[in-house]
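To convert, take the position in the sequence shown, counting from 1, and add 517; that gives my numbering. Cβ coordinates follow ideal geometry from the N, Cα and C atoms, glycine included. Quick notes on the structure that follows.
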Amino acid sequence: MVNGGSTDVLLIFEEIPAGDNMGQTEKLNAIATATRTPETCSAPEKEIVVAEKVVEVIVEGKEDLKLDENDHKTRIVKCLKILFIMLGVAAVILAIALIIVTILTCIATKAYDADQSGRIVAMVLLAVTAALTICVVIYMQVATLRCQSTRMTMACGGLVILIIIQILIGGVSVNVQPSDEAKLLKALTDSFKLAKEDVPRPYKLWAMTQFDLDCCGLFGPDDYRTQKQPYYFPPDVPISCCPNYDPNRSDFVQEKERMHCKTKKIYYKDGCKDEVLLVFSETATLVLTVNVALIIAKILLVILAFALAKQMKTIDFLVCHK
518 MVNGGSTDVL
528 LIFEEIPAGD
538 NMGQTEKLNA
548 IATATRTPET
558 CSAPEKEIVV
568 AEKVVEVIVE
578 GKEDLKLDEN
588 DHKTRIVKCL
598 KILFIMLGVA
608 AVILAIALII
618 VTILTCIATK
628 AYDADQSGRI
638 VAMVLLAVTA
648 ALTICVVIYM
658 QVATLRCQST
668 RMTMACGGLV
678 ILIIIQILIG
688 GVSVNVQPSD
698 EAKLLKALTD
708 SFKLAKEDVP
718 RPYKLWAMTQ
728 FDLDCCGLFG
738 PDDYRTQKQP
748 YYFPPDVPIS
758 CCPNYDPNRS
768 DFVQEKERMH
778 CKTKKIYYKD
788 GCKDEVLLVF
798 SETATLVLTV
808 NVALIIAKIL
818 LVILAFALAK
828 QMKTIDFLVC
838 HK
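Next comes the structure, spelled out in structure tokens:
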């Protein structure tokens, strides 16, 4: 409102947003000053001019504030996208590691104890869930880059199902129980008896075991001693019990090295039972550790995906792609 008169001007306008106070105050002062200078307009005309200028300033202020809010939301979305992509890459790496570890554990378990079919099935299921996790995470990454919040939310549901399955399998089937160790010990005893009888498959398995774990026999080198052999004679250990064993050469070619190893008693003194049980337990622990790490990564992905989808819904589609 402007009161009549050549110099007195009274303005009443809406509260200006705090985002650009200094700039808008200067504009209003300029408008008020302009109305006090030359008296080229009558009082009613001045009222109209000033009112129009005030409206323009307020509209510009609201538009600037809206742009500032969009810029702020865009920065938040960009930060969440970067964090989501990095976490997704970490989840994919953990899933690949879980696949590798479970496959190796399956092979080792089947080689020593084929009766533990439940554990083998559990490892296979974990490998399958890890592979599905990779697919879902990649799908979510693509949906994130395309700002498709609905697809991200749907993928989160699939990720939650995979998390539940992995928790159940990891808690029930992966942990090593005393009964599992007892079964493995029985399987080791049976396979060692067959290896002493030169049955090809158990013989190769024990040759590889003794070479890899630096051990000899089930409980020690004396397992290769015959009942009638005097104790002061060294046991008839195979070449795989010796440090100079070469798995790429046949035992016949290495017979001289075996006799030297046997005579000098430089063969391994520890049995393989404890070593195999330790490896069996450590691989199960490794599988469980990687599985837990992958579950935690997926839980964080789900939380971050929901936060990112919520932010995407509050900004324009074109702004999201900036």
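Closest by CA to residue i, which one among the options?
i: Ile-756; options: Phe-750, Val-606, Lys-779, Gly-687; result: Lys-779
i: Asp-729; options: Lys-710, Ile-613, Asn-761; result: Asn-761
i: Leu-604; options: Ala-648, Thr-626, Met-657; result: Met-657
i: Ser-822; options: Ile-599, Thr-591, Glu-799; result: The residue you asked about is not Ser; residue 822 is Ala in the sequence shown. Among Ile-599, Thr-591, Glu-799, the Cα nearest to that of Ala-822 is on Ile-599.
i: Ala-607; options: Ala-826, Gln-744, Ser-767, Leu-818; result: Leu-818
i: Ile-617; options: Asp-630, Ile-593, Leu-643; result: Leu-643
i: Val-653; options: Thr-800, Glu-792, Arg-668; result: Arg-668
i: Asp-753; options: Ile-651, Tyr-784, Asp-697; result: Tyr-784
i: Cys-673; options: Tyr-748, Phe-601, Arg-766; result: Phe-601
i: Lys-781; options: Lys-773, Ile-681, Gly-788; result: Lys-773
i: Ile-655; options: Thr-802, Ala-639, Ser-708, Leu-676; result: Leu-676
i: Ala-810; options: Leu-611, Met-671, Leu-597, Thr-661; result: Leu-611
i: Ile-682; options: Trp-723, Ala-639, Gln-744; result: Ala-639
Reducing DSSP to helix, strand and coil, say where residue i ends up.
i: Pro-747; result: coil
i: Lys-782; result: coil
i: Phe-709; result: helix
i: Arg-742; result: coil
i: Phe-823; result: helix
i: Tyr-629; result: helix
i: Asp-581; result: Its pLDDT being 49, under 50, Asp-581 is placed unreliably in this model, and the coordinates cannot settle the point.
i: Gln-683; result: helix
i: Val-754; result: coil
i: Ser-798; result: helix
i: Val-771; result: In the sequence as presented, Val is not what sits at residue 771; that position holds Gln. Note: Gln-771 maps to coil in three-state DSSP.
i: Glu-714; result: coil
i: Cys-733; result: coil
i: Gln-828; result: helix
i: Cys-673; result: helix
i: Val-807; result: helix
i: Arg-592; result: helix
i: Cys-789; result: coil
i: Val-609; result: helix
i: Cys-759; result: coil
i: Arg-766; result: coil
i: Val-693; result: coil
Specify, as a first and last residue, the run of the alpha helix (DSSP H) that residue i falls within.
i: Cys-652; result: 634-662
i: Asp-854; result: The chain is shown from 518 up to 839; residue 854 falls before or after that span and cannot be answered.
Does the beta carbon of residue i fall short of 7 Å from some heavy atom of the ligand FAD?
i: Phe-728; result: For the structure depicted, the ligand FAD is absent and the ligand set is empty, with no information on it obtainable.
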